Ligand SMILES: NC(=O)c1ccc[n+]([C@@H]2O[C@H](COP(=O)([O-])OP(=O)(O)OC[C@H]3O[C@@H](n4cnc5c(N)ncnc54)[C@H](OP(=O)(O)O)[C@@H]3O)[C@@H](O)[C@H]2O)c1
Ligand SMILES: NC(=O)c1ccc[n+]([C@@H]2O[C@H](COP(=O)([O-])OP(=O)(O)OC[C@H]3O[C@@H](n4cnc5c(N)ncnc54)[C@H](OP(=O)(O)O)[C@@H]3O)[C@@H](O)[C@H]2O)c1
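Protein chains in written order, with our numbering: chain D, 276 to 620; chain A, 276 to 620.
What follows is the structure, given as structure tokens:
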């Protein structure tokens with residue numbers, strides 16, 4: 276191993292010179308450098324776009340998902356889906372602290388933590404897969420992972436079940452960015468509003484847009500729309516397929532007297548939803564693409580193609596304080612909490 | 276052909292239901308619907324990321340570039356590079372106006388126009404390639420194209436050579452967005468500052484950041500850095516490879532006392548420059564990815580991976596008034612004008 280870099284470039288096998296996220300292959304030997312943290316991993320939370328792609332590819336079978344995950348990790352030294360480009364995150368127990376950071380990183384051996392950096396850049400070694408939870412994109416494993424010096428983490432809270440915290444922390448960037456983007460009185464569209472990040476964004480949007488605002492959720496599934504309506508955070512739950520761009524636009528136009536959305540948050544886990552987001556957003560509005568299935572060129576050239584002057588944001592998974600912010604949503608809303616605990620605990 | 280949609284969905288052959296940019300294949304029969312415009316094409320301006328990819332793939336040979344372009348257009352009905360996902364734009368002469376829009380579109384048969392929508396969504400038929408200009412990413416053809424009802428265009432100006440206008444209009448979104456993003460006194464980094472869009476952004480950034488601001492250009496080539504210095508719009512021209520993320524960060528840190536950039540504009544034509552842009556931008560700063568070689572996941576997960584809370588914008592090629600804005604830069608600066616006329620006229 277070369278001199279340990281705070282960004283982990285010493286773990287890059289190929290291509291040399293890039294950072295770990297951009298690398299094809301990482302060195303996943305579980306011997307840590309003096310500025311690294313070794314983690315005994317308990318559960319992986321696979322990014323929903325990645326999990327959905329793999330699950331579809333292998334035909335919705337837990338054993339086949341496990342085999343595919345093992346082969347990706349064996350080949351790349353990290354759980355970096357080569358089709359979607361995305362990762363996920365993990366929870367586990369601190370097994371060892373590098374000498375250079377032991378006193379300053381704020382952790383003790385034995386602490387239970389969640390990594391807040393993507394699995395697409397986290398050196399990972401899987402000994403054995405114990406269980407694949409198809410319904411919640413999580414995989415229990417025996418194995419180890421390495422966190423770099425600049426890698427963010429959160430200590431797991433004591434008041435929230437660990438697998439619920441894992442699910443929430445995976446998408447913590449989404450409600451934090453929604454809080455920044457939405458102003459009182461605005462019309463906010465959450466595409467994929469029935470999902471994990473979508474539900475948190477709908478809740479956050481309702482708080483920020485306030486009683487004079489309008490929150491619209493989109494899902495292609497009747498049961499998701501029904502649930503959105505029951506919780507009461509949306510003004511409208513529209514049952515539309517996000518990949519049918521013109522249908523999304525028409526449905527949103529119908530409930531906004533043609534004014535469309537001021538802010539659109541895209542939280543789907545499937546490709547080809549860029550144009551629907553663009554057409555349903557008003558001229559001068561903003562679109563936050565949290566979905567990892569977003570295509571950069573489809574968004575950039577799609578907006579240009581219809582002459583739509585909108586600000587489009589790349590869904591940075593990190594925002595200062597995002598982990599605490601997301602967990603606090605569960606603490607302040609019993610309804611949100613019981614929903615997530617029901618699904619993920 | 277189905278009922279003509281203002282977005283051109285009636286031209287989509289596969290997959291059905293998507294808009295033309297997202298389509299794999301368009302119907303490029305040059306018989307127009309009542310809401311379309313037929314154009315006799317003179318010159319294609321291939322998007323630089325696309326042209327660079329094709330040119331590298333075929334080994335820098337004009338005839339091989341021509342063959343590749345012909346095969347893509349024959350297969351897809353549009354010049355939509357399947358590797359980069361990007362297009363470019365074109366200039367030509369209005370050949371026919373659909374009956375429904377003839378009176379309202381502001382054009383006459385015979386008008387010379389540039390399309391302001393991407394070639395990645397423009398039905399195109401090439402009769403014959405007349406010349407490939409390797410040095411300026413342009414291809415003279417005999418052929419026809421179709422503009423949809425919502426497709427933007429600009430009449431070609433009389434005071435600027437047509438191929439220069441074509442080059443400028445291709446990247447008109449970049450200086451327009453720079454003008455919106457940069458505030459007086461800010462430190463602005465233009466990565467790929469020696470290129471076409473890069474030069475316009477450097478010029479615009481200088482105007483907006485003003486005398487108390489700091490403009491930094493990055494290019495890996497000595498001659499580009501030399502030229503940037505000669506024009507005098509940059510405070511620093513740094514000779515660094517944009518794909519070497521840590522080198523870019525260190526070089527920018529060195530000339531800003533470690534403060535890094537407030538605003539970064541990425542104008543390169545090659546992949547893998549996301550991390551350099553992220554590391555060289557200060558916490559809380561903004562990054563505008565104009566480059567069509569940008570990977571969405573590399574940007575989103577890369578920023579998260581290093582815990583950098585930056586706002587990252589997808590380079591929408593369109594902004595209201597962008598064509599006039601870009602052409603006016605040439606009108607106000609004789610230095611800029613003679614540079615571009617030297618390269619593209
Ligand atoms: N930017 C980041 O840092 C970051 C971090 C984590 C995750 N992500 C991404 O964020 C996205 C959402 O993640 P998540 O965990 O919230 O996923 P999730 O819980 O699976 O939610 C996705 C939602 O989209 C719905 N959906 C599926 N197809 C749809 C369609 N055609 N139209 C409308 N909605 C549709 C899904 O419905 P069903 O479940 O009923 O199919 C689901 O409700 C994913 O793309 C994920 O990769 C990004
Ligand atoms: N968002 C949109 O709507 C839109 C529209 C048009 C174009 N674009 C994209 O914008 C980008 C720039 O377009 P353009 O027409 O300005 O291209 P350009 O004139 O070719 O400029 C690209 C510049 O990047 C430089 N470069 C190449 N490798 C580099 C490296 N490793 N490090 C730093 N700089 C490097 C190039 O140098 P050399 O030329 O000396 O190699 C050139 O100066 C392209 O990716 C293009 O696809 C976007």
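No residue lacks a Cβ here, since even glycine has one placed at the ideal position from N, Cα and C.
The model shown is predicted, which means the values in this text are computed figures rather than measured ones.
Item: Does the separation of the CB atoms of residue 618 of chain A and residue 410 of chain A fall below 9 Å?; Value: yes
Item: Can you list, in chain order, the residues of its chain with a C-beta nearer than 8 Å to that of residue 281 of chain A? Leave out the 5 residues immediately preceding and following it.; Value: 310, 423, 424, 425
Item: If we call anything under 9 Å between Cβ atoms a contact, is residue 448 of chain D one with residue 517 of chain D?; Value: no
Item: Check whether the Cβ of residue 218 of chain D lies closer than 9 Å to any Cβ atom in chain A.; Value: With chain D covering only 276 through 620, there is no way to say anything about residue 218 of chain D.
Item: Are there 16 or more other CB atoms within 10 angstroms of the CB of residue 401 of chain D, so buried, or fewer, so exposed?; Value: buried
Item: How would you call residue 477 of chain D, buried or exposed, if buried means at least 16 neighbouring beta carbons within 10 angstroms?; Value: buried
Item: I'd like to confirm the pairing. Which residues does DSSP put opposite residue 587 of chain A in its beta bridges?; Value: A:562
Item: Counting pairs of beta carbons, one from the stretch 591-610 of chain D and one from the stretch 577-586 of chain A, are three or more of them closer than 8 Å?; Value: yes
Item: Inspect the CB distances between the stretch 504-519 of chain A and the stretch 485-493 of chain A and report whether three or more fall short of 8 Å.; Value: yes
Item: Give the interface partners of residue 427 of chain D over in chain A, defined as CB-CB distance under 7 Å, in chain order.; Value: 582
Item: What is the rounded straight-line gap between the Cα of residue 387 of chain D and the Cα of residue 430 of chain D?; Value: 6 Å
Item: First and last residue of the alpha helix (DSSP H) that includes residue 410 of chain A?; Value: It is not in any alpha helix (DSSP H) - residue 410 of chain A carries neither H nor E in the DSSP assignment.
Item: With 9 Å set as the bound, which would you pick, yes or no: does the beta-carbon of residue 519 of chain D sit closer than that to a beta-carbon of chain A?; Value: yes
Item: Going by DSSP, what residue range makes up the alpha helix (DSSP H) through residue 685 of chain A?; Value: Absent from the model: residue 685 of chain A. The displayed extent of chain A is 276 to 620, so no value can be given.
Item: Less than 9 Å between the C-beta atoms of residue 370 of chain A and residue 416 of chain A, yes or no?; Value: no
Item: Does the stretch 281-297 of chain D come within contact of the stretch 535-555 of chain D, defined as at least 3 CB pairs closer than 8 Å?; Value: no
Item: Spatial neighbours of residue 307 of chain A within its chain, please: CB distance less than 7 Å, with the 5 preceding and 5 following residues excluded, ordered by chain position.; Value: 313, 371, 373, 421
Item: Short of 8 Å in beta carbon distance, which residues of its chain neighbour residue 560 of chain D, apart from the five on each side in sequence? Order them along the chain.; Value: 535, 536, 537, 538, 539, 585, 586
Item: Which residues in the same chain as residue 481 of chain D place their Cβ atom closer than 7 Å to its Cβ, once the five residues preceding and following it in sequence are excluded?; Value: 490, 508
Item: Give me the DSSP bridge partner(s) of residue 498 of chain D.; Value: Note: residue 498 of chain D sits in no beta bridge, so no partner.
Item: Whole-angstrom Cβ separation of residue 363 of chain D and residue 319 of chain D, contact assumed at under 8 Å?; Value: 6 Å
Item: Roughly how many whole angstroms lie between the Cα atoms of residue 524 of chain A and residue 350 of chain A?; Value: 42 Å
Item: When Cβ atoms are compared, which residues of the stretch 345-374 of chain A fall closer than 8 Å to chain D?; Value: 359, 360, 361, 362
Item: Compute the minimum distance between the beta carbon of residue 489 of chain D and the heavy atoms of ligand 1, and state whether it is under 8 Å.; Value: no
Item: Say yes only if the C-beta of residue 396 of chain A is nearer than 8 Å to one or more non-hydrogen atoms of ligand 2, and no if none qualify.; Value: no
Item: Can you give the beta carbon distance from residue 469 of chain A to residue 484 of chain A, rounded, assuming they're within the 8 Å contact cut?; Value: No, residue 469 of chain A and residue 484 of chain A are not in contact; Cβ-Cβ is about 19 Å, not under 8 Å.
Item: Unbroken alpha helix (DSSP H) runs of length 4 or more, entirely within the stretch 457-509 of chain D: which are they?; Value: 471-484, 497-506
Item: How about residue 450 of chain D: is its C-beta nearer than 9 Å to some C-beta of chain A?; Value: no
Item: For residue 453 of chain A, which of A:597, A:365, A:407 has the nearest alpha-carbon?; Value: A:597
Item: Out of D:437, D:345, D:379, D:542, which has the shortest C-alpha to C-alpha gap to residue 569 of chain D?; Value: D:542
Item: For residue 321 of chain A, I'd like the list of residues in its chain whose CB is within less than 6 Å of its CB, leaving aside the five on either flank, ordered along the chain.; Value: 363, 412
Item: From the beta carbon of residue 525 of chain D, is the nearest beta carbon of chain A less than 9 Å away?; Value: no
Item: Sort D:379, D:287, D:462, D:522 by Cα distance to residue 352 of chain D and report the nearest one.; Value: D:287
Item: Taking only three categories from DSSP, how would you classify residue 369 of chain A?; Value: strand
Item: Do you know whose CA, among A:511, A:548, A:544, lies nearest residue 521 of chain A's CA?; Value: A:548
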